[in-house]
Amino acid sequence: MKADQENISTNECKSILSTYTTSRTTKSIHTLTEDEMKKLEERNKGLPRLMLIMKTIEELIVLEKQNGGNLRGTGARKAAAEKLNVSVWTIDNYIKRYKENPSIDAFIDKKRGRNIGDTFTLEQQQVISWFYLNRQKYIITSDNEKIILEGLEDTIYIKSVLDILLPLPYHSYASIRRFIRILDKDKALMSEFARHGERHVASKILPARRNDAAYVNERWQIDARPLPIYIIHDGIKCTVTLLLIIDDLSQYPIRARLIPRKIRDEEGIPRKSDFTAADVGILLASAIYYSGICPSVLYNDHGSQLIAMEDFLGDMSEQNLAVIRMAKSIPRRPRGRGKIENMLKRFDELICNIYGNTLKVTGKESLFDLVERGHDALVHISLEDFQIRCDEFIKFLREEPRRRGEKQTRAELWSASENIQKAPPIRDLMRLVPNRITRDTAIDYWKFQLANEEYEPRLKSEEDLYQWAVASARKEKVPLRAAELDQGWECDICLDREANYWAEGILKTTRYLSQQDFPPMLSRVLKRMNDEHSDFVEGAKIAVQKISNGQVFKHQITRQPIIVNTLSSNMEMLPATDDKPESAVEHTSNTSVIPQPKVAPSNVSIRKAPERKGPEPAKRKFDWSRAPKAQETLKRIEGELHQEQE
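In the numbering used here, the protein residues as written are 688 to 1333.
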């Protein structure tokens, strides 16, 4: 990789852009986008036309071999030219190109227009890429002190650097912005890494896989939902909360519990109440006891009642070891994929036929109308009768398949392991089936869409994960080839059209990679991205230093680039810091001081009123001795004011 960066620094390379952007040829007809296929058809180069050309050229090559390696005098070239409505010279060109690349791709026209980015020299491209992708700013303060800050430079500053270092050929702001847009697409992964940081790449760019369990009963999910119905309990009309546990993989409802949302206290006075940690403990213990199964992980949605159970899970073994690990979702970023939420929503099918429900009928009812209708119903079901109906409905759900099209029920999956099904490549076999899809599709870090389903590329190696991340970062549509076999849709997706890199597409619900293998693979790919970005920026940095004979800093006051070759005796390079330039200069050290722990003065805490904002402290005074013209102007203004007062 370092050797490649050294090659970039030499004059032998014309551009830092990869062949993905600068290439004018097409490696495969399957990698063409819909727009490119339309342009070929407009030039009479559609797929049927290309097949006819290839068949004609193959016949000429066979005839050429039979005629001693020469077609002249046979009239075959002229007949082929009349058949294809082209010139004889075009036929000779077709024969030459087909011998070099014996496939239909040899007859695809080259991309038209000038080469992308060729108006910039190699040195100018390196300067732009270094300042655009480097996450550090070199600043000179008003006291001539050098500091390095975390940040990114804009187009205005990059153009100022070019005007100083490499003014020719001249480029406007618009041309620099166009090149940066090209650089964003060509170095999409590096751009995302530099402009947004590693955390953004890890959460939004790196492919995310479905959070499925590896086997049945490895992970259970628990959640609650206030049901839209009024019931009678203890002589009071109240709503009820359903607490449910399901198996993550089979989506098998294991056990449920109904909790009335309004009960009487010790004095018989009605009060509001939701489910508590005690209800969760009773339900979990009942589910483990009656099923005879103990899960490895219990997943919840960060609810306070559910998190409270984490401290009690260790008491379930004699050695006081946590036989069940509590897995909590990230706040505002759930990873349960809505499995248990969808299961809780299914209970509307049961409630819609019971008096006292508050479900919408026409879709135009207001919330107050629904509550009034449910509360003022003539008949309300009791909690005991509602429990019986819920139990019957849960048995009905167990005998259903997880989703439409599956043959095994939830109960069968819960008692048996799921087999992994592999599929062959489709792009070479799709012509054999009638139902097929050839189109471009959008792909992101999570999925691509096919037949109203979510798909993802099958990860067979780290390169698959890396290419998926590259395709996700480029944010452009990629070719998709799919065919409907007897088991459903199977597809291939092209992650890199230039390298003709294809990956097999599978449903997001398909489990094929173990939970132990994916995190290390993810870490290695993330390290590869970091290394590529560091090597690329380092190569551009060497070129910038070679051109400028030093380092380029931005002046803190003028915001203009300054070339500084050596450090003065009284100047010291400060380490990188996230503070503002003023705070970095005022402090003698940029490292944060670890505060000492404070002893609480009391065991009772109080809520204090927010502090009022006082006057802002005076900022650093301006040194007028460094601005003689401004000093003279100030004295003149003060003199005029003094004369007016007199």
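Note that CB positions come from ideal geometry on N, CA and C, so glycine has one too.
Across the structure, S1221 and Q823 are spaced so that their CA atoms are roughly 12 Å apart. For K725, there is no enclosing beta strand (DSSP E); the enclosing alpha helix (DSSP H) covers residues 721-729.
For I1180, the closest of T706, I703, T718, L758 by C-alpha to C-alpha distance is T718. If you draw a straight line from the Cα of V927 to the Cα of T1197, it is about 36 Å long. Around the C-beta of T1320, fewer than 16 other C-beta atoms lie within 10 Å, and the residue is accordingly described as exposed.
In the structure shown, A895 adopts coil according to DSSP, grouped into three states. In this structure the region 1152-1169 lies against the region 1126-1144, because at least three pairs of beta carbons, one per stretch, are closer than 8 Å. Exclusion of the five residues before and after H920 leaves P947, L1070 as the residues of its chain whose Cβ lies within less than 6 Å of its Cβ. When only Cα atoms are considered, D1063 and L971 end up about 35 Å apart. Beta-bridge annotation (DSSP): A943 is paired with L931. When DSSP reads this structure, G1192 sits in a beta bridge with P1144, C1178. Under a 10 Å Cβ-count criterion, Q812 is classified as buried, with 16 or more other Cβ atoms of the shown protein chains found around its own Cβ. Note on the region 786-831: whole beta strand (DSSP E) runs with a minimum of 3 residues are 823-827, in chain order. Residue state for K872 is assigned as helix, using DSSP reduced to three classes. Judged by beta-carbon spacing, Q938 lies beyond the 8 Å limit of Y986, meaning their Cβ atoms are not closer than that value. It is roughly 40 Å from the alpha-carbon of I827 to the alpha-carbon of R801. With respect to the 8 Å criterion, Q1247 and Q1238 are not classified as neighbours on the basis of their beta carbons. The alpha-carbon of D841 is positioned some 22 Å away from that of S702. Annotation: the continuous alpha helix (DSSP H) that includes Q1330 extends over 1315-1332.
L836: member of the beta strand (DSSP E) spanning 833-837, first to last residue. By the criterion of at least three beta-carbon pairs nearer than 8 Å, the region 717-734 is not in contact with the region 1197-1217.
The shortest CA-to-CA distance from F818 to any of A881, Y902, L758 is the one to A881. Beta-bridge annotation (DSSP): L1167 is paired with R1126, I1180.
According to the DSSP assignment, V967 belongs to the alpha helix (DSSP H) that extends over 964-978. Remark: C-beta atoms of R942 and Y902 do not approach each other more closely than 8 Å. For L1172, the pairing in a beta bridge is given by DSSP as G1175.
The Cβ neighbour count for I975, taken over all protein chains shown within 10 Å, is at least 16; the residue is labelled buried. Cβ contact annotation for N904 (same chain, cutoff 7 Å, sequence separation greater than five): D934, I980, P982, in chain order. Inclusion of P1144 and A1186 in the CB contact set at 8 Å is not warranted, their separation being larger than that value. DSSP links H1242 through a beta bridge to I827. Contact between the region 803-812 and the region 755-772 is absent, with fewer than three C-beta pairs closer than 8 Å. For L1137, the enclosing beta strand (DSSP E) begins and ends at 1135-1137.
Pairing L747 with A763 gives a Cβ-Cβ distance under 8 Å.
W1176 counts as buried, since no fewer than 16 other beta carbons sit within 10 angstroms of its beta carbon. Within the same chain, Cβ atoms closer than 7 Å to the Cβ of K924 are found at Y917, H1062, H1067, the five residues on either side in sequence being excluded.
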